[in-house]
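Trainee: Input: one structure, supplied below.
Chains as they are written, first to last, in full-length UniProt numbering: chain A, 1 to 366; chain B, 1 to 366; chain C, 1 to 366; chain D, 1 to 366.
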């Protein structure tokens, strides 16, 4: 069984020195959990850094006090979370740096990290978009615009299913947006093979759990706003739209993406509507999807007519894709699900780490 | 203030004798609550009947034991719920009969009720569809097909906003489906005024709370299935589709309706995607909607760009409609919300009662 | 039927001029909803005031923009919410002022309101406690301590079931805490009749929905903290403890009260453990409870062995009380439920208004 | 770091042949997940058996179709779930059999399994209670009462923290009840060291998520019953009470245990009230708890005054214990949390497997 294999090789600790900046948020906590349990990283403890602002005054803090659910025992020594400093990263010989920070912070720090020889996996939106028109939504300011542009040109969009080999050699991996991942993985195989009538337009009606809105207490993350509710937002202007356009090669009027806030902690379900271009049948579509993801361990393609749901993917790094074709043979409904904190953030970041290091892509993720 | 007015006239009890068959379900409980508090029905107690099968053995039961939340006091006499019999309805002089029963039962009983001179408001799907091709989904069997066809022809689809005057004189009102209500109310004004490019198709991505799935414990209504989850179902075959086609005058390939099961007790939010036909602006759309619903007290039209959400309508009989127009001036996103047990079922049934009796349409519903 | 009676008398509008300060919070919204629909207040619109800080800059705002769920129509005129000023209250001839504000604010404003001749129903904890040792938990500061002490002495604890006649004549009613209401109503009849062995101690394990924590977005009201969770807090120091001691006549070591945060929007369930003092049976207990609440329309006593649950009281002003006696005839478990925003706050405030005005105690609350 | 150690030894696959009967339920699914990922069981696939009744007709089924969330890939071969037969267990050389079945079934099958030389870990309540008076609540019927009594006498209560060495050599391990585990682990250290005044009585107010009620759709597991609700049940007669009495050495009037149904999928929080016997301080209590669990990797003791909550233990095999001592130095409140499907069922079963096999107790559980 290949799974036993993977476990066996997994035990060869790599000695790789990693660091996570921004461990206090939801994605940061999942990153810490995954890295601490990652077979290749046994024997080394990642460096955990808080945000510069929040923790600098507070000094070092126990990771287990910050996130009690991560404690592996009571009483004994715990990994420390310390304020961010370059010296510390340098002293600990950091080779790979994960950034789970606001995009402004990321845009500022990544050039420095690259200059210091680290490889970076950035979970923010700061480096995902190559077309300045799309990136404008982030209102980024660069101290050295020309250098930033060069770095941007070298950044790889961290979707291993689409850019595996580029990620393997990348210095800077821009981890995709959670919504974008769910939509891109469902559509890319069909668009690339010309199966969709793009002129008829694509609708992506997406729904996400509240962790996608971040840890800051706001009126919209208040339990009383989110619970027993559903609301649409960012109807024509969500920041993940640019990722859809660039990764799927679409024009802005070819896709309409609407996010909704679901009253659940985690999980995204995207219902995607498109028209088939030719005479493709359900069998063709399933075959195309399976073929596209034959070597992608973190995508599970469902049989035609079997739709995934959020419970199937919560607490996993899988993206599940299912679909149905209408009785007219023209209308296509795709359903794509993932856990926004894992395949939509921290899990995909570790998947990128695996690819960057030449390890099994699913290591530490099953 | 007109609200004070309506309260004042409300106090003239009508003496109307009503009955509810199927009071044990969720819609039945809401009906009981609304009728017991209805200003026009003070002084009379509706006749409450259970399902023939479930309660016939059990005999009479207190409404307050069946639904403790409805009790208006502790200890004293409570309305009784008795097994269904025609004699009882006749003896109590029932003038208006609400049926909150499975559609097969409704199809069987409604002809008899009409024959006995009662007016009927039926909450099932049995009498909503006029085109036999659409109605086929219900697999209805009629003892007397010709009589049933005549009755069907006379049945009025109970959407007061569309069929107010026909409802006023109807003997049989077929209360609309919950999903259908939310979608029809958002689209009808725009389709009737030719503002939509129907050839480009309409997508209605709808999400409903679990009460819409009924009171029977099933694998899909189990808390462990519904909670923390979202799932699409009935993608190309939901029974409410026929209502959309008939009430909106659409062809089956012009609208795609996909329901989803939300992890909340009550509420529907439908996100509807369409293309504008001409040069209509957001101002035009808002004006059209407001004009259409100027005399409809139970629809609240939002200002352009303000989207309703389920919390705004839960526990009310309102349908809230909002929309946004895309930057290209062509793409339209409508959001329509209602409480599936009220405007989507029992509340709309009482609204129909009001119309049938010539009372204020919102009486007992604010 | 007495319910029809109450409706009939309800229509005599009183012309009473009311005001609500602090309408932006959850209790404030419920107060606005109840007052706008109150039969005795038809024809007059309450004055709605925001918090001094939050709204003074913003100027007037529509109540329906603040709380879209309260809108009774779309488009037309809406009640205004304006910044708090004494002039405004005076100009509108305010007779009864509801305060749904932080206790510091209440402590400051109530003396002025009383001095201006208004009757006050205060929803904060500022005026509930008569023993300074108990009140110390609120760290109150009075500009004129002697005057405040006199006012405190005249303040009536707004539990109509215990203090109906005092409330009827009161100038200042201190509306009880939500937890305290649920516990006091279950225990008072049994303690007053000497049925409990107080030396063995009473445990009140109480659980509340998130609305009890207020509208401010904090780490503990974040959906990700409250959802799928349960947590105990304030174990030996919750501020409602003093109300229990004073209203039940207990010593601090005779009752242990532990609140928990439930992952639901609204509702409190208190499970209360006590030992019976003598030979009282379940029949005696039920009889004692029923007798005590014979003239209290907002308390529903359950039959012995029938326990209430939150769904029975959510969105109602009832407090439901049930109990079981152990097989040893000594151990007693009481369960008391209410909706923390209604019987635990705004509903009880309106109940107090009814008592203060000599109206039916349940008017506008059924 | 000992964690790296444990990982390293974990890679020595044992070749142990396990089987799970009753894999269709919630605990069964968690067992399948844990065993498939258990480091010691790599290279062997457990035998998965459905219930005799449910699956015998259906024949073999894919584990991944039964529980899509468990699929480790799409398309490839999946473990099979087959109807239960003794031949199959024998043919596959089953050494350890997990039973996640109703207690009646377990009581019937366990003697046969033992007779065939298997070691059994039983997740039902069938074999937990040694005192027939306590066991009577299960209404068990034995074909051979004398043999069943002998087997019962040899059965070990599967709480590793209390019975580690007996479990190591046991043939039959009766996996504890979920509620019982949370309460016993909090109280045992304090009762065994005489720190509690048992004559004053102990109250255990426990709250559990819905998965504890099982997979069968019933009125009480319906989403509409459980969501937004809290209810107490089984107040003086819950079946786990006998476990408390036997494991803690208490008389029935010394402890009152009340379970409640929480509106969450998983997790138990027990709030436990007791009186201290002597002059023990918070420091003494914390020291006693830490000392008792010094070698128990799956219990996390919190610092005095730090209370655990369900989010800290969900999806883990930890039991978290915290406490506060009242200002009088006499009153003690303990809070104990665990995931009812893991430490309360499947996780504890795997912990018992580890102990029975001499492996690290937390292997496959961190």
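Glycine included, C-beta positions come from ideal geometry on N, C-alpha and C.
(1) Beta strand (DSSP E) containing residue 47(D): first to last residue?
(2) Say whether the stretch 263-280 of chain D touches the stretch 190-208 of chain D, bearing in mind that this needs 3 or more beta-carbon pairs closer than 8 Å, one atom from each stretch.
(3) Please state whether the Cβ-Cβ distance between residue 61(A) and residue 80(A) is less than 9 Å.
(4) Closer than 9 Å, CB to CB, is residue 253(B) near chain C or not?
(5) Is residue 370(B) close to chain D, meaning its C-beta is less than 9 Å from at least one C-beta of that chain?
(6) Given residue 54(B), which residues of its chain have a CB within under 7 Å of its CB, disregarding the five upstream and five downstream residues?
(7) Can you list, in chain order, the residues of its chain whose CB lies under 8 Å from that of residue 112(B), leaving out five sequence neighbours each side?
(8) Could you have a look at residue 303(C) and say whether DSSP puts it in helix, strand or coil?
(9) Mind listing, in chain order, the continuous beta strand (DSSP E) runs of no fewer than 3 residues lying wholly within the stretch 126-211 of chain B?
(10) Any idea if residue 263(D) is buried or exposed, counting beta-carbon neighbours within 10 angstroms, 16 or more meaning buried?
(11) Please give the ranges of any beta strand (DSSP E) in the stretch 230-294 of chain A, keeping only runs that are unbroken, at least 3 residues long and fully inside the region.
(12) Whose CA, out of 195(D), 172(D), 202(D) and 29(D), lies closest to the CA of residue 66(D)?
(13) In chain order, which continuous runs of the alpha helix (DSSP H) of length 4 or greater are located wholly inside the stretch 297-359 of chain C?
(14) Give me the DSSP bridge partner(s) of residue 81(D).
(15) So which of 39(C), 327(C) and 313(C) has the shortest CA-CA distance to residue 342(C)?
(16) Taking all protein chains shown into account, do 16 or more other C-beta atoms lie within 10 angstroms of the C-beta of residue 189(C), making it buried, or fewer, making it exposed?
(17) Are the beta-carbon atoms of residue 176(D) and residue 184(D) separated by less than 9 Å?
(18) Is the shortest distance between the beta-carbon of residue 228(D) and the beta-carbons of chain B less than 9 Å?
(19) Compare the C-alpha of residue 231(C) against each of 238(C), 220(C) and 240(C) and name the closest.
(20) Leaving aside the five residues before and after residue 197(A) along the sequence, list all residues of the same chain whose C-beta is less than 6 Å from its C-beta, in chain order.
(21) Rounded to whole angstroms, what's the CA-CA distance from residue 245(B) to residue 130(B)? Just pull it up for me.
(22) What span of residues does the alpha helix (DSSP H) with residue 91(B) cover, start to end?
(23) Would you give the residue range spanned by the beta strand (DSSP E) that residue 120(D) belongs to?
(24) For residue 66(B), name the three-state secondary structure that DSSP assigns.
(25) Distance check for residue 69(C) and residue 95(C), CA to CA, integer angstroms please.
(26) Comparing the C-beta of residue 129(C) with each C-beta of chain B, is any distance below 9 Å?
(27) Could you name the residues that DSSP lists as bridge partners for residue 222(C)?
(28) Which residues bound the alpha helix (DSSP H) around residue 110(A)?
(29) Going by the CB atoms, is the gap between residue 161(B) and residue 296(B) shorter than 9 Å?
(30) Please tell me whether residue 222(C) has its Cβ less than 9 Å away from any Cβ of chain A.
(31) Please check if any C-beta of chain B sits within less than 9 Å of the C-beta of residue 64(D).
(32) Express the C-alpha separation of residue 18(C) and residue 318(C) in angstroms, rounding to a whole number.
(33) Residue 299(B) and residue 321(B): beta carbons closer than 9 Å?
(34) Whose C-alpha, out of 149(D), 292(D), 103(D) and 159(D), is nearest the C-alpha of residue 137(D)?
(35) To which residues of the same chain is residue 200(D) closer than 8 Å at the C-beta, ignoring the five residues directly before and after it?
(36) Please compile the residues from chain B whose C-beta is within a distance smaller than 8 Å of the C-beta of residue 262(A).
Mentor: Put simply:
(1) 47-49
(2) yes
(3) yes
(4) no
(5) This structure does not reach residue 370(B), given that chain B is present from 1 up to 366, and the question cannot be answered.
(6) With a pLDDT of 48 at residue 54(B), under the threshold of 50, the modelled position of that residue is not reliable, and the figure given next carries that caveat. 24.
(7) 86
(8) coil
(9) 172-174 and 202-208
(10) buried
(11) 255-261 and 268-275
(12) 29(D)
(13) 310-313 and 346-357
(14) 48(D) and 61(D)
(15) 313(C)
(16) buried
(17) yes
(18) yes
(19) 220(C)
(20) 275 and 277
(21) 11 Å
(22) 86-91
(23) 119-122
(24) helix
(25) 27 Å
(26) no
(27) 222(A)
(28) 103-115
(29) yes
(30) yes
(31) no
(32) 24 Å
(33) yes
(34) 103(D)
(35) 274 and 275
(36) 230, 262 and 263
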